[in-house]
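First residue of the sequence shown? That's 4 in this note's numbering, and the numbers climb one at a time after it. Notes follow once the structure below has been shown.
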Amino acid sequence: MRKKQFKAESKRLMDMMINSIYTNKEIFLREIISNASDAIDKLAFLSLTDDKVGISRSDFAITITVDKDNRTLTVSDNGIGMNADELENNLGVIAHSGSRNFYAENEGADLSDTDIIGQFGVGFYSAFMVSDKITVETKKYGEDQGYRWESSGVDGYTIEPIDRDAVGTDIIMHIKEDGDEFGEYSRYISEYQLSSLIKKYSDYIRFPIKMLMPSLEEGKEPTLETINSMVPIWHKKKGEVKKEEYDSYYQEHWMDQNPPLCTIPISTDGTVSYEALIFIPSQAQMQYYSDEFQKGLQLYSSGVMIMDKCEDLVPDAFNFIRGVVESPDLSLNISREMLQQSRQLAAIRGHIEKKVKTELKKLMENDREAYEGFFKYFGRHLKVNLLEGYGMNRELIADLLLFYSSTEKKLVTLEEYVNRMPEDQKYIYFATGESVSAVDGLPQVESIKDRNLEILYLVDPGDEFLPPTLGTYMEKEFRNINDDDLGFDDEKKDVDEKAFKKSFKFIKDTLGDRVDEVKASTKLKSHPVCITSGDGITFEMEKYFHAVSPDGIGAKAKRILEINTDHDAFKALEEAREKDPEKAKKYAEVLYNQALLIAGLPIENPTEYTDLLVSLF
Ligand code: ADP
4 MRKKQFKAES KRLMDMMINS IYTNKEIFLR EIISNASDAI DKLAFLSLTD DKVGISRSDF
64 AITITVDKDN RTLTVSDNGI GMNADELENN LGVIAHSGSR NFYAENEGAD LSDTDIIGQF
124 GVGFYSAFMV SDKITVETKK YGEDQGYRWE SSGVDGYTIE PIDRDAVGTD IIMHIKEDGD
184 EFGEYSRYIS EYQLSSLIKK YSDYIRFPIK MLMPSLEEGK EPTLETINSM VPIWHKKKGE
244 VKKEEYDSYY QEHWMDQNPP LCTIPISTDG TVSYEALIFI PSQAQMQYYS DEFQKGLQLY
304 SSGVMIMDKC EDLVPDAFNF IRGVVESPDL SLNISREMLQ QSRQLAAIRG HIEKKVKTEL
364 KKLMENDREA YEGFFKYFGR HLKVNLLEGY GMNRELIADL LLFYSSTEKK LVTLEEYVNR
424 MPEDQKYIYF ATGESVSAVD GLPQVESIKD RNLEILYLVD PGDEFLPPTL GTYMEKEFRN
484 INDDDLGFDD EKKDVDEKAF KKSFKFIKDT LGDRVDEVKA STKLKSHPVC ITSGDGITFE
544 MEKYFHAVSP DGIGAKAKRI LEINTDHDAF KALEEAREKD PEKAKKYAEV LYNQALLIAG
604 LPIENPTEYT DLLVSLF
C-alpha cells in the first residue's frame with residue numbers, strides 16, 4: 004500500500020512528539036479521550052433529531068482496552084466516526100488552532116517541544132509521545148464502509164477500507180518499549196495507572212469511560228468498571244472544585260496558556276434555571292483581535308451539547324468570556340434558528356451579564372493590578388461597545404472604565420473621581436490628547452491643576468467621544484478643560500476684550516482662515532497661548548474622523564486661538580503692531596504655531612516656520 008505523506012508542519016510536530024522529552028507525556032490520554040467524547044457528542048446531537056441513530060443516551064460509552072502481550076492501549080468510542088476523507092483531513096494536519104498559530108508565528112524558530120505541548124496540548128498527535136505505531140479503525144455514522152488509518156511516524160500514513168460493523172472509532176496505540184526509566188511507557192498498559200490518569204484528567208467527561216479492571220482478589224474474574232464520576236465540572240458545587248481543577252479545565256478546553264483571570268460558577272433556579280461555568284481570560288489571545296473571532300459559550304441541555312459556540316448567550320459588552328451553559332429548560336429538538344430567538348437564552352444572557360460585571364467590579368476593588376491587566380486587553384472593547392450602542396450600555400460599562408488621573412498619576416475609576424470631588428466642584432474635568440505627557444503639557448491644564456482639581460486624561464483613540472456618550476456619571480456632568488465655562492465662581496470671565504480688540508483683529512487678519520476666532524483666554528496662567536476647539540468637534544475627534552475616513556468629508560474642529568493678555572509675548576506683539584507691523588505679523592505667526600505644537604496638531608509648513616523663528620533673532 005502506498006504511503007501518503009504528512010503535510011510539512013504536521014510532520015514537524017509529529018517528529019517532535021516521537022522524540023519528545025516532555026515530561027508530562029501522560030496528557031495524551033486526556034486528548035484521545037476528549038476526542039472520543041467529542042465524537043459521541045456529535046452523534047448524540049444527531050440522535051436528537053434523527054430516529055435512525057438507534058443508540059440511546061445510556062449506551063454511549065468510551066471503552067479502554069489493554070493488551071499487555073501486544074503492548075497496545077485502545078480507546079474506543081461509539082461516536083460519529085470518520086470516513087476516508089475525514090481521516091485524511093483530520094489526522095493529516097494539525098487541527099488545534101492554538102498550535103497552528105504557534106507554528107505560523109514561530110516559523111523557522113528553534114523551539115523546545117515543552118513550549119508547544121505545555122501551552123496548547125497537541126490533540127491526536129500527542130499519542131505519538133508514547134506510541135511507536137497508531138492504528139485508527141473507524142466507521143462513520145450513516146456510511147457503509149469502514150476504514151483503517153495507520154502510521155508509524157513521520158514517514159507517512161496509509162488508509163485502507165476494512166470490514167467493520169460498528170459505527171465509531173478505535174484508536175489503537177502500540178506503546179513504546181521502556182527506556183532507561185523503569186515503567187516509563189509500560190504504565191500506559193497498566194489498568195491501575197490508567198485508571199488514576201482518567202480520574203485525574205477526564206473525570207468530568209459526561210460519558211462513562213469503561214475499563215476491564217483486574218480483581219485484587221486471586222482467581223477472581225476482572226470486572227468492567229466505569230472509571231470517571233461523569234459529573235461535569237460545572238455541576239459541581241463551588242467548594243468541591245479546587246482552583247487548579249478549574250484552571251486546568253479552562254486551559255485545556257480553550258487552549259489558553261494562561262489560567263483564567265476569573266472563574267464564575269453559576270447555579271440558579273430563577274425564572275430560567277441553568278448552570279454555568281464562565282471564565283474571563285487573563286489576556287486576549289491572538290484570535291480575539293482577528294476578523295475570524297466569534298464569541299460564544301458552549302450550550303448543553305440535559306447532558307447533551309447542542310451548540311459549541313452559542314453567540315446569543317454572550318453579552319456583546321463581554322464578548323471575551325468563555326465557558327459552558329447548561330439548561331434543562333431548553334427543548335432538545337429546538338432548531339438553531341429557533342434557539343437564536345429564544346427568550347430563555349436572552350434571560351440567561353442578561354443574568355450572565357450581571358454576574359460578569361459583579362465579578363469585574365470585585366476584582367477592580369480587591370486586586371487593582373489584575374484589573375488593570377484585564378483593562379489593558381479588554382478595556383478598548385468596553386469603550387467601543389459603549390460608543391457603538393450610543394450609550395445604551397452606559398449603566399453597565401461606565402463603572403468599569405479606567406482613566407489616567409492628573410492628581411493620582413495612575414488609572415482611576417469615575418466613581419473614585421466623583422467621590423473625591425470637593426463639594427464646590429461642579430464638573431468632572433477631562434482633557435483629550437495623544438498621550439498622558441502631551442495632555443499634561445497643555446497650557447489649559449495648568450490653571451485647573453493650580454486649583455488642585457483632578458483632571459482625567461482621555462488618551463486612547465475615540466476616548467473623546469465617551470463623555471458625550473456617557474452624559475453624566477453619578478449625576479455629574481463632564482466638562483472639557485477647553486470649555487469657556489469651567490464652573491469656577493471666580494473665573495475672570497470678562498477680560499476687557501475691547502482694550503485688545505485691535506490686536507485680536509490684527510492677529511485674525513494675519514492668520515486668515517487658519518483660525519476661526521482670536522480671543523482673550525480665561526484659562527492661561529504662565530503660557531502665552533493655546534488653541535481650543537470650543538464645544539463642538541474636538542481636535543481628537545477630527546483626527547479620529549480623519550483616520551477612519553482619510554478622504555471623507557472629514558469633520559473639522561473649530562480653531563480658536565486663545566491669548567493670555569497678561570503675558571509678555573502678547574505685550575510685545577501689541578507694541579510691535581504700532582511700531583513695526585511686519586514684526587508683529589511674525590509674532591502672530593509664532594504664537595499661532597506654538598499653540599498648534601502644544602496641542603499636538605501638525606504645523607502646516609515646518610521649514611517656513613523655522614525660518615520665521617530664526618529671522619526674529
Ligand atoms: P482537535 O481535537 O483539537 O480538533 P485533534 O488533533 O485531537 O484536534 O483531532 C483532529 C480531528 O480528528 C478532530 O477534530 C476530529 O474531527 C477527528 N477525530 C479525532 N479523534 C476522533 C474520534 N475518536 N472520532 C471521530 N473523530 C475524531
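Glycine included, every Cβ here is placed at the ideal spot set by N, Cα and C. Bear in mind that the values here come from a model prediction, so they are computed numbers and not experimental data.
Does the ligand ADP have even one heavy atom less than 6 Å from the beta-carbon of Asp80? Counted from its first residue, the sequence shown places residue 80 at position 77. Asp80: yes, Cβ under 6 Å from the ligand ADP.
Among Lys358, Ile236, Ile162, Asp294, which one has its Cα closest to the Cα of Asn92? In the sequence shown, residue 92 corresponds to position 89, counting from 1. With distances taken between Cα atoms, Asn92 lies closest to Ile162.
CA-to-CA distance, Lys202 to Ser552, given in whole angstroms: The residue you call residue 552 lines up with position 549 of the sequence shown. The residue you call residue 202 lines up with position 199 of the sequence shown. Answer to the nearest angstrom: the Cα atoms are 57 Å apart.
Bridge-paired residues (DSSP) for Ala87: Residue numbering aside, residue 87 sits at position 84 when the sequence shown is read from its first letter. None, per the DSSP bridge assignment.
Considering only residues of the same chain and omitting the five flanking positions on each side of Arg580, which have a CB-CB separation below 8 Å? Locating residue 580 in the sequence shown gives position 577, where the first residue counts as 1. These residues qualify, in order along the chain: Lys505, Ser506, Phe509, Ala587.
Neighbourhood of Lys429 by C-beta distance below 6 Å, restricted to the same chain and skipping five residues each side: Numbered from 1 along the sequence shown, position 426 holds the residue referred to as residue 429. Excluding residues within five positions, the ones whose Cβ falls inside 6 Å are Gly490.
Give me the Cα-Cα distance between Glu607 and Val327, rounded to the nearest whole angstrom. Within the sequence shown, numbered from 1, the residue matching residue 607 stands at position 604. Within the sequence shown, numbered from 1, the residue matching residue 327 stands at position 324. Rounded to whole angstroms, Glu607 to Val327 spans 56 Å at the Cα level.
Val462 vs Ser438 beta-carbon contact at 7 Å: Start at 1 with the first residue of the sequence shown, and residue 462 comes out as number 459. Start at 1 with the first residue of the sequence shown, and residue 438 comes out as number 435. The answer is yes: Cβ separation under 7 Å.
Identify every residue that forms a DSSP beta bridge with His354. Translated into the one-based positions of the sequence shown, residue 354 becomes position 351. Paired residues: none, contrary to the question.
Local Cβ density within 10 Å of Asn336, reported as buried at 16 or more and exposed below that: Counting from one through the sequence shown, the residue named residue 336 turns up at place 333. For Asn336, the pLDDT reaches just 48, beneath the cut-off of 50, and the residue's location in the model is therefore unreliable, although a value from the coordinates is still provided. Classification of Asn336: exposed, given that the 10 Å Cβ count is below 16.
Going by C-alpha distance, which of Leu51, Asp53, Lys136, Ser37 is nearest Met20? As a position in the sequence shown, residue 20 is number 17, starting the count at 1. Met20 has its Cα closest to that of Lys136, out of Leu51, Asp53, Lys136, Ser37.
Report the three-state DSSP secondary structure of Met2 (helix, strand or coil). Residue 2 falls outside the range modelled here, since the chain spans only 4 to 620, and no answer is possible.
Do Thr66 and the ligand ADP come close, with the Cβ less than 6 Å from some heavy atom? Along the sequence shown, read from residue 1 onward, the residue named residue 66 stands at position 63. No, the ligand ADP has no heavy atom inside 6 Å of this Cβ.
What distance in whole Å lies between the Cβ atoms of Gln290 and Lys312, which are believed to be in contact at a cut-off of 8 Å? Locating residue 312 in the sequence shown gives position 309, where the first residue counts as 1. Locating residue 290 in the sequence shown gives position 287, where the first residue counts as 1. Wrong, their Cβ atoms sit about 12 Å apart, outside the cutoff.
Taking a contact to mean a Cβ-Cβ separation below 7 Å, would you say Ile192 touches Val69 in this structure? Taking the sequence shown and counting its residues from 1, one reaches residue 192 at position 189. Taking the sequence shown and counting its residues from 1, one reaches residue 69 at position 66. A contact, by the Cβ cut-off of 7 Å.
Using a Cβ-Cβ cutoff of less than 8 Å, which residues in the same chain neighbour Lys632 once the five nearest sequence positions on both sides are dropped? Residue 632 is absent from the structure shown; the chain starts at 4 and stops at 620.
With distance defined between alpha-carbon atoms, name the residue in Ser270, Ala287, Lys241 nearest to Asn261. Counting from one through the sequence shown, the residue named residue 261 turns up at place 258. Measuring from the Cα of Asn261, the nearest candidate turns out to be Ala287.
Quick one: grab the DSSP three-state call for His530. The residue you call residue 530 lines up with position 527 of the sequence shown. Looking at His530 - three-state DSSP - the assignment turns out to be coil, as it is neither helix nor strand.
Burial state of Thr117 (16 or more Cβ within 10 Å): By one-based count along the sequence shown, residue 117 stands at place 114. For Thr117, the predicted structure reports a pLDDT of 47, less than 50, and the residue's modelled location is therefore unreliable. The matter cannot be settled from this model.
Can Pro464 and Tyr547 be called in contact, C-beta distance under 7 Å? Here the question's residue 464 lines up with position 461 in the sequence shown. Here the question's residue 547 lines up with position 544 in the sequence shown. Yes, they are a contact pair.
The alpha helix (DSSP H) enclosing Thr613, as first and last residue numbers: Here the question's residue 613 lines up with position 610 in the sequence shown. That run of the alpha helix (DSSP H) goes 609-618.
Could you check whether Ile178 and Ser134 sit closer than 7 Å to each other, using their CB atoms as the reference points? On the sequence shown, residue 134 is found 131 positions in, with the first residue counted as 1. On the sequence shown, residue 178 is found 175 positions in, with the first residue counted as 1. Yes, Cβ-Cβ distance for Ser134 and Ile178 is below 7 Å.
Nearest by alpha-carbon distance to Leu403: which of Val275, Ser529, Arg383, Met308 is it? The count along the sequence shown starts at 1 and reaches residue 403 at position 400. Cα-wise, what sits closest to Leu403 is Arg383.
Any heavy atom of the ligand ADP within a distance shorter than 6 Å of the CB on Gly57? Position 54 of the sequence shown, counted from the first residue, corresponds to residue 57. Outside the cutoff, so no.
Residues that DSSP places opposite Met216 in a beta bridge: By one-based count along the sequence shown, residue 216 stands at place 213. Per DSSP, Thr226.
Three-state class that DSSP yields for Ile192 in the structure shown: Counting from one through the sequence shown, the residue named residue 192 turns up at place 189. In the structure shown, Ile192 sits in a helix (DSSP, three-state: H, G or I).
I'd like the span of the beta strand (DSSP E) that includes Gln301, first residue to last. Your numbering for residue 301 matches position 298 in the sequence shown. Segment 300-304, the beta strand (DSSP E) holding Gln301.
Alpha-carbon spacing of Tyr432 relative to Ile458, whole angstroms: Position 429 of the sequence shown, counted from the start, is the residue given in the question as residue 432. Position 455 of the sequence shown, counted from the start, is the residue given in the question as residue 458. The straight-line gap from Cα to Cα measures roughly 5 Å.
On the premise that Cys533 lies in contact with Pro425, defined as a C-beta separation below 8 Å, what is that separation, rounded to the nearest angstrom? Taking the sequence shown and counting its residues from 1, the one referred to as residue 425 is at position 422. Taking the sequence shown and counting its residues from 1, the one referred to as residue 533 is at position 530. Rounded, the Cβ-Cβ distance is 25 Å, inconsistent with contact.
Just curious, the alpha helix (DSSP H) that Met19 is in, first and last residue? As a first step, residue 19 must be located in the sequence shown, where it is residue number 16. Unbroken alpha helix (DSSP H) run through Met19: 11-21.
Bridge partners of Met176, per DSSP? Working through the sequence shown from its first residue, we reach residue 176 at position 173. According to DSSP, Met176 bridges with Leu76, Ile137.
Verify the contact flag: Asn93, CB atom, against every heavy atom of the ligand ADP, threshold strictly below 6 Å. Residue 93 sits at position 90 when you count from the first residue of the sequence shown. The answer is yes for Asn93.
Ala39 and Asp80 closer than 7 Å at C-beta: Counted from its first residue, the sequence shown places residue 39 at position 36. Counted from its first residue, the sequence shown places residue 80 at position 77. In contact: Ala39 and Asp80 (Cβ atoms closer than 7 Å).
Give the DSSP-derived three-state secondary structure of Met308 in the structure shown. The residue you call residue 308 lines up with position 305 of the sequence shown. Three-state DSSP puts Met308 in a strand.
What I want to know is whether the C-beta of Phe406 ends up closer than 6 Å to one or more non-hydrogen atoms of the ligand ADP. Within the sequence shown, the letter at position 403 stands for residue 406. Phe406: no, Cβ never under 6 Å from the ligand ADP.
Rounding to the nearest angstrom, what Cα-Cα distance links Asp378 and Ile451 in this structure? Start at 1 with the first residue of the sequence shown, and residue 378 comes out as number 375. Start at 1 with the first residue of the sequence shown, and residue 451 comes out as number 448. Note that residue 378 corresponds to Phe in the displayed sequence, not to Asp. If you take the alpha carbons of Phe378 and Ile451, they lie about 28 Å apart.
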